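So the structure is just underneath, and the comments pick up after that.
As structure tokens, this is what we get:
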């Protein structure tokens with residue numbers, strides 16, 4: 003009986019190892035997003051579009067039918083700003099204060115890669131990661 007299962011098992015293996023579709027800011031559509039991630043837990047209207055929220059606080063901003071930005075919480079080493087300084091070492095970066103509070107949240111970004119991280123000034127602790135269409 004196992005001899006007859008060989009071709010079926012190989013076919014299942016090939017199907018399961020197929021390329022998984024990923025969501026890219028500036029490229030993916032709303033239907034691509036829903037096909038890959040399923041229905042969102044929450045949808046919020048924003049000027050010129052909407053934000054779809056999924057598990058683990060993963061958010062996708064859409065303008066019209068196009069995904070324009072992706073936001074998520076950091077995991078593992080991504081929680082440390084030093085990790086991102088190494089990731090962006092060959093990129094022209096910028097740091098921008100997001101508020102005028104005494105200890106503001108800062109955005110550290112690399113437009114060439116289309117990525118940014120938000121961290122608390124002076125702490126090196128990354129709060130969230132953003133991806134957008136690279137320039």
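Residue numbers (this note's numbering): 3 to 137. The beta carbon of each residue, even a glycine, is placed where N, CA and C say it ideally should be. Values in this document were obtained by computation on a predicted structure and should not be read as measured data.
- Using a Cβ distance threshold of 8 Å, residue 130 and residue 75 count as a contacting pair.
- When secondary structure is reduced to three states using DSSP, residue 36 falls in the helix class.
- With fewer than 16 other Cβ atoms from the protein chains shown falling within 10 Å of its own Cβ, residue 114 counts as exposed.
- Spanning the alpha carbons of residue 122 and residue 49 requires a straight line of approximately 27 Å.
- Taking the Cα of residue 94 as reference, the smallest distance to any Cα among 136, 31 and 44 is reached at 136.
- In the displayed model, residue 67 falls within coil according to three-state DSSP, outside both helix and strand.
- The beta-carbon separation of residue 125 and residue 111, rounded to 18 Å, does not stay under the 8 Å limit for a contact.
- Assigned with DSSP and collapsed to three states, residue 52 falls in strand.
- Taking C-beta separations shorter than 7 Å and ignoring five residues to either side along the sequence, the partners of residue 65 in its chain run 50 and 51, following chain order.
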